[in-house]
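Undergrad: Residues in the sequence shown are numbered consecutively from 1, following the UniProt record's numbering.
All C-beta atoms in this analysis are idealised placements derived from N, C-alpha and C, irrespective of residue type, glycine included.
Submitted below is the structure of interest, expressed as structure tokens.
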Amino acid sequence: MSYVVGLTAVVAFAVLSPALQLMARAFAWPLSSVVLLAVAAVVAHGFGVALGILVVPQFQYWDAASIFGFCVMAYVFAFGAVYRSVSLSILLSLVGRPGRSAPLAEIVERQVPDLFRERTNALVDGGLVERVDTNFVATAAGRNLAGSVGRLRRAFGIGDTSLYDFSD
Numbered sequence: 001m002s003y004v005v006g007l008t009a010v011v012a013f014a015v016l017s018p019a020l021q022l023m024a025r026a027f028a029w030p031l032s033s034v035v036l037l038a039v040a041a042v043v044a045h046g047f048g049v050a051l052g053i054l055v056v057p058q059f060q061y062w063d064a065a066s067i068f069g070f071c072v073m074a075y076v077f078a079f080g081a082v083y084r085s086v087s088l089s090i091l092l093s094l095v096g097r098p099g100r101s102a103p104l105a106e107i108v109e110r111q112v113p114d115l116f117r118e119r120t121n122a123l124v125d126g127g128l129v130e131r132v133d134t135n136f137v138a139t140a141a142g143r144n145l146a147g148s149v150g151r152l153r154r155a156f157g158i159g160d161t162s163l164y165d166f167s168d
């Protein structure tokens, strides 16, 4: 029965997460999507624990938590894969066009600058870089984050690779 409680908490998370994202956009909340996911996870987990304690006589917390944790992580990975993906933005733009195609020059000249501006604005808004004249300069927070990311990439054996290998 504890597994059912864990699955119930997953359903609560799966309903609460998009609801919070929609509310944040509708009410212009200054919270990032990642923060909203964390809030949804904490609230849904708390709901699951309370439900388990109240409903299941021999509630097994770790049984419920393992199901909840696994499913929430799968959701977060899927969310992260489609959230602000430049490649997917280009693909969605192509699919939405008549003929489902566009010349490369049009993508590079029209879509890429907008995507680049959006990402650099996010870096500036996040305090990771600042504009100095016509340049972008990493702030102390940006340098710290870049150092941490570099260490994590080395620890995971990622190095300087990307999803795409254009070396051929």
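Below 8 Å CB to CB, which residues in the same chain sit around Arg119 once its five sequence neighbours on both sides are set aside?
TA: Sequence index remark: in the sequence shown, residue 119 carries index 119 (1-based). Cβ neighbours of Arg119 beyond the five flanking positions: Arg84 and Val86.
Undergrad: Just mark Ser32 as buried or exposed, buried being the case when its beta carbon has 16 or more other beta carbons within 10 Å.
TA: On the sequence shown, residue 32 is found 32 positions in, with the first residue counted as 1. Exposed, because fewer than 16 other Cβ atoms sit within 10 Å of the Cβ of Ser32.
Undergrad: Within the chosen definition, does the stretch 52 to 62 reach the stretch 16 to 25 through at least 3 CB pairs nearer than 8 Å?
TA: Judged by Cβ distances under 8 Å, the stretch 52 to 62 makes no contact with the stretch 16 to 25, as fewer than three pairs qualify.
Undergrad: As a quick exercise: from Val112, Ser101 and Leu16, pick the residue whose alpha carbon is nearest that of Tyr75.
TA: Here the question's residue 75 lines up with position 75 in the sequence shown. Tyr75 has its Cα closest to that of Leu16, out of Val112, Ser101 and Leu16.
Undergrad: Got a sec? Which residues, its chain only, sit under 7 Å from Leu7 by beta carbon, not counting five neighbours each side?
TA: Counting from 1 along the sequence shown, the entry for residue 7 is found at position 7. Ile67, listed in sequence order.
Undergrad: Expressed to the nearest angstrom, what Euclidean distance is found between the alpha-carbon atoms of Gly99 and Gly69?
TA: For this step, residue 99 is matched to residue 99 along the sequence shown. For this step, residue 69 is matched to residue 69 along the sequence shown. Straight-line Cα distance between these residues: approximately 42 Å.
Undergrad: The beta strand (DSSP E) spanning Val129 covers which residue range?
TA: Looking up residue 129 in the sequence shown gives position 129. That run of the beta strand (DSSP E) goes Val129 to Val132.
Undergrad: Between Val95, Arg110, Gly147 and Ser2, which has its C-alpha nearest Leu128's C-alpha?
TA: For the purposes of this step, residue 128 is taken as the residue at position 128 of the sequence shown. Nearest C-alpha to Leu128: Gly147.
Undergrad: With distances taken between CB atoms, is the gap from Leu20 to Val49 smaller than 9 Å?
TA: Sequence index remark: in the sequence shown, residue 20 carries index 20 (1-based). Sequence index remark: in the sequence shown, residue 49 carries index 49 (1-based). For Leu20 and Val49, no; Cβs fall outside 9 Å.
Undergrad: Just the C-alpha distance for Ala9 and Val108, rounded to the nearest angstrom, thanks.
TA: Working through the sequence shown from its first residue, we reach residue 9 at position 9. Working through the sequence shown from its first residue, we reach residue 108 at position 108. In a straight line, the C-alpha of Ala9 is about 44 Å away from that of Val108.
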